[in-house]
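Student: Before we start, here is the structure in question, set down as structure tokens.
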Amino acid sequence: MRLTKNVTEVFNGLNGIFFCLIVILGNTAVAVKLYDEPRLPLTLIPYHYDLKLLTYLEDSPDMFRYMGSVNISVHAQQSTNLVVLHARDANIEVQKIQIWDKEKGVLFNTSRTEYNKEKDYFIIEVEMPFVRGRSYVLSLPFENILKEDFKSGYFVGYNEGKNELDRSWFSLTQFERNYIRNVLPSFDEPALRATFNVTLGHHKRFQSFSNMPLLKRFNSSDLKDYVWSMHEISPLMPTYLLAFSINNFTCMFSKTFDREPVGFRTCSHVTQVQALSLASVIAPKLFQFFENLFQVPCPLREIQQLAIPNLPIAAMENWGLVVYSDEMIMQKNKKKLTNLSQGQIKTLQLVSHELVHMWFGNLVTISWWDSLWLNEGLAGYFEAAGVEHLQMNWGRNILFKYREGSLMNELMAMPVAINASSDKDLIENSSVAYVYQKVTTILRMLNAMLGDEVFYEGLYFYLSQYSYSNTTPDQFWGKMQLASLRSGVLPDDHKVNIIMDSWTNQAGYPVLDVIRNYNNNTIFFAQNHFSSSNGSHSEVWWIPLTYTTQSERNFSSTRTKVWLIQPSMHLNIPLLSKEWVMFNIQAVGYYRVNYDERNWRLIAFDLYENHKQIHVLNRAQIVSDCLYLWQQGRIHWYTAVDVLKYIIEEDEYEPLVAFVVGVTNGFWGISPDRSLIIAKWLGSAGKWYAEFINYTFNWFVLIETNHFSRSKGNGSKRTSNLKQETESWGKPQNNGRQGNRHQ
706 MRLTKNVTEV FNGLNGIFFC LIVILGNTAV AVKLYDEPRL PLTLIPYHYD LKLLTYLEDS
766 PDMFRYMGSV NISVHAQQST NLVVLHARDA NIEVQKIQIW DKEKGVLFNT SRTEYNKEKD
826 YFIIEVEMPF VRGRSYVLSL PFENILKEDF KSGYFVGYNE GKNELDRSWF SLTQFERNYI
886 RNVLPSFDEP ALRATFNVTL GHHKRFQSFS NMPLLKRFNS SDLKDYVWSM HEISPLMPTY
946 LLAFSINNFT CMFSKTFDRE PVGFRTCSHV TQVQALSLAS VIAPKLFQFF ENLFQVPCPL
1006 REIQQLAIPN LPIAAMENWG LVVYSDEMIM QKNKKKLTNL SQGQIKTLQL VSHELVHMWF
1066 GNLVTISWWD SLWLNEGLAG YFEAAGVEHL QMNWGRNILF KYREGSLMNE LMAMPVAINA
1126 SSDKDLIENS SVAYVYQKVT TILRMLNAML GDEVFYEGLY FYLSQYSYSN TTPDQFWGKM
1186 QLASLRSGVL PDDHKVNIIM DSWTNQAGYP VLDVIRNYNN NTIFFAQNHF SSSNGSHSEV
1246 WWIPLTYTTQ SERNFSSTRT KVWLIQPSMH LNIPLLSKEW VMFNIQAVGY YRVNYDERNW
1306 RLIAFDLYEN HKQIHVLNRA QIVSDCLYLW QQGRIHWYTA VDVLKYIIEE DEYEPLVAFV
1366 VGVTNGFWGI SPDRSLIIAK WLGSAGKWYA EFINYTFNWF VLIETNHFSR SKGNGSKRTS
1426 NLKQETESWG KPQNNGRQGN RHQ
């Protein structure tokens, strides 16, 4: 359909406006900068946005565009004559800017405007200063073309038709992070929360979506066949969560079964909507699970999910308008949510992750981007809880893979502290995804050391106090500290923030050396940096130690028994000389464990005799630790082989994955991503696990036997029986750190 004459005339006038804007910005760029600080001043604080935006999708794609205006209500915290907000590629009609006193209606005269390109600031100087304690309105018109560029903030995409002319076009926003400033002027910092009233203009054959449900729709008075869609006012939220879309999608409907049901609309192009049935079914189930788990209600009564073709990200958790890459959630529902395929599990995992963000990220938001890891770590941890709720053991598998992936990445890449000096450091020095996985893993450790009751009480305190506001990691740790003080779960001199800072402020992770004295039942502990480099390290972590013995076999208690808060210490544990001791129950701690050779071989014998008597996550930990400790020369080759040879009888997911990634990454140098993909593929292929294990053991034995034959002449003649060796052990051996396997 062609544009009407009125619309065409509007478009033809844009070139002149853009030219005027360029001239204005060009002239002001050479002047002395009115404001050049790295953060916005806290002189004017926004509290409400009235956004009215008209989108044109009715001509050829090179004519797609939008125009609008935003009225921003601000409160003057201090007297000032400057308005400083963000604008990057937003084309602002400077001549039409208006500023007025909200109470008296007095208009302010503008004396100067400036664009600070380096900081993305648009600055307005007014002749009469704003008065502290008064409210004002900034009215800012803007316009721009629509492109197929995700980073433009407001972009267009399409669903394929029979031919290029038959494409079904749509528009969509993506404002995280700092992309809203490409579209409209705003106070674009996460701590500056405000309410949003969004009214979208579009052709009547389209529909509008935004964070909040549609309130009313009415005809345009000056554009034929165009309508205005007004949405409800949003809760307080940061600018990066604002979202809207113009499209002609078809939706599936579902809802929770609470007293006040939350409705879900899951939408895509009509040709794909049936493939979204799984996402439509699981979303309300997950949402209801999280509301019950956190005990803090989410204020939204309707949540929309859009499946977007060719979306360059997996998903975005806009409050009330979650968007997904269609290929990530196109899975049909089963009558029962059991025995899901790996593709369906991936959909379940993604939907779970984004819905957790309705609380961690949306209801409570970080104060600045360098704390984004807290939101993502919490979303990762409870994403697994949501998956576990609907598909037993799969949440456990997710947490295991996150732990292994993070451990692998820190050994291969340059380790970086989670709480780096800036978020830029994380992006430049490490894979951000693995940093978030590390946070997920240490949050699991925090849960284990506090116990469920205390941990969830701390979450309740956190969500209750900081709803609709912004926080820092220290405030999160503070609520955990409050909960722990009420229960006495931690010693008085153990502070949650100090404990957790040792894991977030330091790069890498420790290896715990456990050396037993078999004569007097004492154990010597030492913590060392687990690194592939030969450099010295002085880091000391607060390590929560959990353990069990062979006679006890208590793998259910993951509460901390002893704290290792110095480089080394001794501990007395009553033990029989022929029973093993095992640390890091269910692998909840983010560290590896290396035993003296005798304890390793007691474990090896027990695994070989009946591996099912050891918890599956501890078997996975043993396999993983053993392979990487061997690869680094911290244990002997024959010790590792004796421990690992039970694996041929293993049939559980986590130990088999640990073996595959330990070989492919630790020995063959394959990236963590590809190692996990190989493990996933072998799991799908079933029988190939056994083939891989047989091949790997032949490879190990061939390499090490040849090496020992050359270096010692008789290394290949080691054929003693493990059981006989275990039973014949007498006096304690020299149990210091083992020499390099190539010695």
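Everything in the sequence shown is counted per my numbering, starting at 706 for the first residue and increasing by one.
C-beta atoms are modelled at their ideal positions from N, C-alpha and C, and glycine is treated no differently.
Any idea if residue 665 is buried or exposed, counting beta-carbon neighbours within 10 angstroms, 16 or more meaning buried?
Tutor: What is shown of the chain runs 706 to 1448, which leaves residue 665 out entirely.
Student: Between residue 757 and residue 950, what straight-line distance do the alpha-carbon atoms span, to the nearest angstrom?
Tutor: Numbered from 1 along the sequence shown, position 52 holds the residue referred to as residue 757. Numbered from 1 along the sequence shown, position 245 holds the residue referred to as residue 950. Roughly 13 Å separates the two Cα atoms.
Student: How would you label residue 924, buried or exposed, when you count the other beta carbons within 10 angstroms and need 16 or more for buried?
Tutor: Residue 924 sits at position 219 when you count from the first residue of the sequence shown. Its Cβ having fewer than 16 others within 10 Å, residue 924 is exposed.
Student: Just to confirm, is the Cβ distance from residue 992 to residue 1027 under 8 Å?
Tutor: As a working mapping, residue 992 is identified with position 287 in the sequence shown. As a working mapping, residue 1027 is identified with position 322 in the sequence shown. Cβ distance not < 8 Å, so residue 992 and residue 1027 don't count as in contact.
Student: Please return the same chain residues whose Cβ sits closer than 6 Å to the Cβ of residue 1120, not counting the five positions on each side in sequence.
Tutor: As a position in the sequence shown, residue 1120 is number 415, starting the count at 1. Around residue 1120: 1212 and 1213.
Student: Do residue 1260 and residue 1323 come within 8 Å of each other at the CB atom, strictly closer than that value?
Tutor: As a position in the sequence shown, residue 1323 is number 618, starting the count at 1. As a position in the sequence shown, residue 1260 is number 555, starting the count at 1. In contact: residue 1323 and residue 1260 (Cβ atoms closer than 8 Å).
Student: Count the other CB atoms within 10 Å of the CB of residue 1396; is the residue buried (16 or more) or exposed (fewer)?
Tutor: For this step, residue 1396 is matched to residue 691 along the sequence shown. By the 10 Å Cβ count, residue 1396 comes out exposed.
Student: Per DSSP, what are the beta-bridge partners of residue 1232 in this structure?
Tutor: For the purposes of this step, residue 1232 is identified with residue 527 of the sequence shown, where counting begins at 1. Paired residue(s): 1217.
Student: Between which two residues does the alpha helix (DSSP H) carrying residue 908 extend?
Tutor: The count along the sequence shown starts at 1 and reaches residue 908 at position 203. Taken as a continuous stretch (DSSP letters only), residue 908 belongs to no alpha helix (DSSP H), being part of the beta strand (DSSP E) at 900-908.
Student: Would you call the CB atoms of residue 786 and residue 819 closer than 8 Å?
Tutor: By 1-based counting over the sequence shown, the position of residue 786 is 81. By 1-based counting over the sequence shown, the position of residue 819 is 114. Cβ atoms of residue 786 and residue 819: not closer than 8 Å.
Student: In terms of DSSP beta bridges, what is residue 1275 paired with?
Tutor: Looking up residue 1275 in the sequence shown gives position 570. Looking at the DSSP assignment, residue 1275 forms a beta bridge with 1229.
Student: Residue 805 by DSSP, collapsed to three states: which one?
Tutor: On the sequence shown, residue 805 is found 100 positions in, with the first residue counted as 1. Correct three-state label for residue 805: strand.
Student: Measuring straight from C-alpha to C-alpha, what distance separates residue 1141 and residue 1078?
Tutor: Along the sequence shown, one-based indexing puts residue 1141 at 436. Along the sequence shown, one-based indexing puts residue 1078 at 373. One C-alpha to the other measures close to 6 Å.
Student: Do you know how far the Cα of residue 1064 is from the Cα of residue 1375?
Tutor: Position 670 of the sequence shown holds residue 1375. Position 359 of the sequence shown holds residue 1064. Rounded to whole angstroms, residue 1375 to residue 1064 spans 37 Å at the Cα level.
Student: Select from 1107, 1345, 1399 and 1298 the residue whose C-alpha is nearest the C-alpha of residue 1310.
Tutor: Working through the sequence shown from its first residue, we reach residue 1310 at position 605. Answer by Cα proximity: 1345.
Student: Helix, strand or coil for residue 1319, going by three-state DSSP, please let me know.
Tutor: Taking the first residue of the sequence shown as 1, we reach residue 1319 at position 614. The answer is coil: DSSP assigns residue 1319 none of H, G, I, E or B.
Student: For chain D, find out if any of its Cβ atoms is closer than 8 Å to the Cβ of residue 1229; answer yes or no.
Tutor: This model lacks chain D altogether; it includes just one protein chain.
Student: At the level of alpha carbons, what is the spacing between residue 1223 and residue 1190?
Tutor: Sequence index remark: in the sequence shown, residue 1223 carries index 518 (1-based). Sequence index remark: in the sequence shown, residue 1190 carries index 485 (1-based). Distance between the alpha carbons of residue 1223 and residue 1190 is about 38 Å.
Student: DSSP on residue 755, reduced to helix/strand/coil?
Tutor: Within the sequence shown, residue 755 is the residue found at index 50, counting from 1. The answer is strand: DSSP assigns residue 755 an E or B state.
Student: Anyone know if the C-beta pair for residue 1300 and residue 1219 falls short of 8 Å?
Tutor: Residue numbering aside, residue 1300 sits at position 595 when the sequence shown is read from its first letter. Residue numbering aside, residue 1219 sits at position 514 when the sequence shown is read from its first letter. Yes, the Cβ-Cβ distance between residue 1300 and residue 1219 is below 8 Å.
Student: Report the rounded CA-to-CA distance for residue 1022 versus residue 1011, giving the unit in angstroms.
Tutor: The sequence position of residue 1022 within the sequence shown is 317, counting from 1. The sequence position of residue 1011 within the sequence shown is 306, counting from 1. Looking at the two C-alpha atoms, the distance is approximately 11 Å.
Student: When you compare the CB positions of residue 1182 and residue 1154, do they come within less than 8 Å of one another, or not?
Tutor: Here the question's residue 1182 lines up with position 477 in the sequence shown. Here the question's residue 1154 lines up with position 449 in the sequence shown. Contact: no.
Student: Residue ranges of each beta strand (DSSP E) run of no fewer than 3 residues wholly in the stretch 1038-1083, ordered along the chain?
Tutor: 1069-1071, all fully within the stretch 1038-1083.
Student: What does a CB cutoff of less than 7 Å around residue 1280 pick up in its chain, not counting 5 residues either side in sequence?
Tutor: Locating residue 1280 in the sequence shown gives position 575, counting from the first residue. Cβ neighbours of residue 1280 beyond the five flanking positions: 1226, 1254 and 1286.
Student: State the DSSP-derived secondary structure class of residue 1475, mapped to helix, strand or coil.
Tutor: Lying before the first or after the last residue shown, residue 1475 is absent from the chain, which here runs from 706 to 1448.
Student: Who are residue 933's beta bridge partners in DSSP?
Tutor: The residue given as residue 933 occupies position 228 in the sequence shown. Answer by DSSP bridge pairing, in chain order: 906 and 923.
Student: Between residue 789 and residue 751, which are expected to be in contact by the criterion C-beta below 8 Å, what is the C-beta distance as a whole number of angstroms?
Tutor: To locate residue 789, count along the sequence shown from 1; it is residue 84. To locate residue 751, count along the sequence shown from 1; it is residue 46. Not a contact, Cβ separation roughly 12 Å.
Student: With burial defined as no fewer than 16 other Cβ atoms inside 10 Å of the residue's Cβ, what is the status of residue 1371: buried or exposed?
Tutor: Looking up residue 1371 in the sequence shown gives position 666. It is buried - the Cβ of residue 1371 has at least 16 other Cβ atoms within 10 Å.
Student: Between the stretch 880-895 and the stretch 910-925, can you find at least three pairs of beta-carbon atoms closer than 8 Å?
Tutor: Judged by Cβ distances under 8 Å, the stretch 910-925 makes no contact with the stretch 880-895, as fewer than three pairs qualify.
Student: Considering only the beta carbon of each residue, do residue 988 and residue 754 sit closer than 8 Å?
Tutor: The residue given as residue 988 occupies position 283 in the sequence shown. The residue given as residue 754 occupies position 49 in the sequence shown. Cβ distance not < 8 Å, so residue 988 and residue 754 don't count as in contact.
Student: For residue 972, which beta-bridge partners are listed by DSSP?
Tutor: Taking the sequence shown and counting its residues from 1, the one referred to as residue 972 is at position 267. The partner list for residue 972 (beta bridge, DSSP) reads 956 and 1011.
Student: According to DSSP, is residue 833 part of a helix, a strand, or is it coil?
Tutor: In the sequence shown, the residue the question calls residue 833 occupies position 128. In the structure shown, residue 833 sits in a strand (DSSP, three-state: E or B).
Student: For the 8 Å Cβ check, are there 3 or more pairs between the stretch 840-852 and the stretch 768-783?
Tutor: Yes, the stretch 840-852 touches the stretch 768-783.
Student: Could you give the distance in angstroms between the alpha-carbon of residue 1273 and the alpha-carbon of residue 1113?
Tutor: Translated into the one-based positions of the sequence shown, residue 1273 becomes position 568. Translated into the one-based positions of the sequence shown, residue 1113 becomes position 408. One C-alpha to the other measures close to 25 Å.
Student: Would you say residue 809 and residue 778 are within 8 Å of each other, going by their C-beta atoms?
Tutor: Here residue 809 refers to the residue found at position 104 when the sequence shown is read from its first residue. Here residue 778 refers to the residue found at position 73 when the sequence shown is read from its first residue. Result no, Cβ atoms of residue 809 and residue 778 do not sit closer than 8 Å.
Student: Output the distance between the C-alpha atoms of residue 1179 and residue 1269, rounded to the nearest integer angstrom.
Tutor: Translated into positions along the sequence shown, residue 1179 becomes position 474. Translated into positions along the sequence shown, residue 1269 becomes position 564. Looking at the two C-alpha atoms, the distance is approximately 22 Å.
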